[in-house]
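Undergrad: Here my numbering is used: the first residue of the sequence shown is 15, the next is one more, and so on.
Heads up, the beta-carbon is just placed ideally off N, CA and C, and yes, glycines get one too.
Mind looking over this structure? Questions follow.
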Amino acid sequence: MKLKINVLIMVTLVALLSLSAFADGETEINTVDINADFSESEANTSTPSDAYESDKNDNDKEPPKDEGQDNVESNVDAKKYDFFADKAELASDAFNVQSYTVLEEEKYNMYGAECIMRRDGAIGEAWAIFEIPYVSEIFASSCHLPSDVAPMSIELSKDGATWIDADITINITENENRWTRIDYSAENISGIKYVKVIWGEEANLQNWWNPYFLGLYANTEAPRESEIIIDGKDELYIPIYEPYEYTLCGRILDQIGNDIDAAVTWVCESESVEVSSDGKVIISPDMIVGDTVTVRAESGDLFAEKTFTLCASMPADTDGDNIITQRDIDFIIENYGRTSDDNNRLCDADKNGVIDIIDLAYAARYMTSAED
Ligand SMILES: [Ca+2]
Ligand SMILES: [Ca+2]
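Rendered as structure tokens:
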């Protein structure tokens, strides 16, 4: 019921607005059926949805146009962009935003848009976030009451938590007989996964639906190697009895933080350890506990360095965190009765070649009760 009332108010206001906007114009007065079933209109999303699917599969297109509508009047060449969004359902997150199917009689005023986003019936803060991994360029448009033009803003984020202002170019087009259109474009974006569209503060607090967001288009860049991460703690724990071998673990990330399936090459100049190019660490018998070793991971022009402190590990510490916890006990029990091999050798605390009661008792004796 409340929705219905809101809808009636909105439709009435739009009707009044249309009359006002066209009073001096070429008398294209919108006729609005105030009995129109809004919920049915809202539910009718099959066409825009189909259009979106079709757009997604088309690599070289213009924003969707209505037949006979001069939809794109922008100075921006929209051809190079892929369609991304014109409704809230396509957002990964949104606040105070709804999708609205543009009425036939509104389409001229809305530059031919079939569906738009607008505030969800309440003035004030409103935004929508779109996930566009590797976005490199943006083109967006909004439509404003001529008497109430407050440009939207666009923010960008790599992780969805920290946001920066997009460096956007704004082009405002005033039209005597239509709502004012604003086009937004931004280029040279890199390392970004999320685009946030934020509604501006309009002067007229009655017009909660203003502005209409017409759509978002974007281009993307190719993933590329951007950063090397060397995993592991700062301490390199060496089991007391053996085994002189560790494999360093490094990962290559692209510009938005996704793993790239490529190997790093390891380099280390140290007297305490030898490191093979694939990351295998051989400990010298002369190793001194407390020595530090700096390793370098390389891939192309990228590199990362990390300094480890060499420490003596505890027998029966099966996971290298240098404390004995229930996790180590569980792993010893899992391997109980087996002979020592590459996978379970750290369970063999006394190094007699078998994982048995001695190893379990040792681990139990030195277990730290708290997991931390
Ligand atoms: Ca442990
Ligand atoms: Ca043993």
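On the CB-based measure, 16 or more other CB atoms within 10 Å of its CB, does residue 220 come out buried or exposed?
TA: With fewer than 16 Cβ atoms within 10 Å of its Cβ, residue 220 is classed as exposed.
Undergrad: Let's see if you can read the secondary structure: which residues bound the beta strand (DSSP E) around residue 226?
TA: Looking at the DSSP string, the run of the beta strand (DSSP E) that includes residue 226 is 226 to 234.
Undergrad: Could you tell me if residue 346 is buried or exposed, where buried requires 16 or more neighbouring beta carbons within 10 angstroms of its beta carbon?
TA: Buried.
Undergrad: So which of 216, 232, 279 has the shortest CA-CA distance to residue 225?
TA: It is 216 whose Cα lies nearest to the Cα of residue 225.
Undergrad: Return the bridge partner residues of residue 210 from the DSSP annotation.
TA: Partner(s): 143, 169.
Undergrad: Can you have a look at residue 349 and say buried or exposed, based on whether 16 or more other CB atoms are within 10 angstroms of its CB?
TA: Buried, because 16 or more other Cβ atoms sit within 10 Å of the Cβ of residue 349.
Undergrad: Ligand 4 heavy atoms versus the CB of residue 300: any closer than 7 Å?
TA: Summarising the ligand content, the structure contains ligand 1 and ligand 2 and does not contain ligand 4.
Undergrad: Kindly indicate which residue of 105, 372, 355, 325 has the alpha-carbon position closest to the one of residue 304.
TA: Minimum Cα distance to residue 304 is reached at 325.
Undergrad: Is there a Cβ of chain C sitting closer than 8 Å to that of residue 347, yes or no?
TA: Checking the listed chains, one finds no chain C in this structure; it contains a single protein chain.
Undergrad: Between residue 156 and residue 207, what straight-line distance do the alpha-carbon atoms span, to the nearest angstrom?
TA: C-alpha separation (whole angstroms): 22 Å.
Undergrad: Could you name the residues whose beta carbon sits closer than 5 Å to any heavy atom belonging to ligand 1, keeping them in chain order?
TA: That gives 331, 333, 335, 342.
Undergrad: When you measure from the CB of residue 349 to every non-hydrogen atom of ligand 2, does any distance come out below 7 Å?
TA: Result no, Cβ not under 7 Å from ligand 2.
Undergrad: Could you name the residues that DSSP lists as bridge partners for residue 99?
TA: DSSP output for residue 99 lists 230 as bridge partner(s).
Undergrad: Three or more C-beta pairs under 8 Å: does that hold for the stretch 272 to 283 against the stretch 234 to 246?
TA: At 8 Å Cβ cutoff, the stretches touch.
Undergrad: Kindly indicate the opening and closing residues of the beta strand (DSSP E) around residue 265.
TA: Counting along the chain, the beta strand (DSSP E) containing residue 265 begins and ends at 264 to 268.
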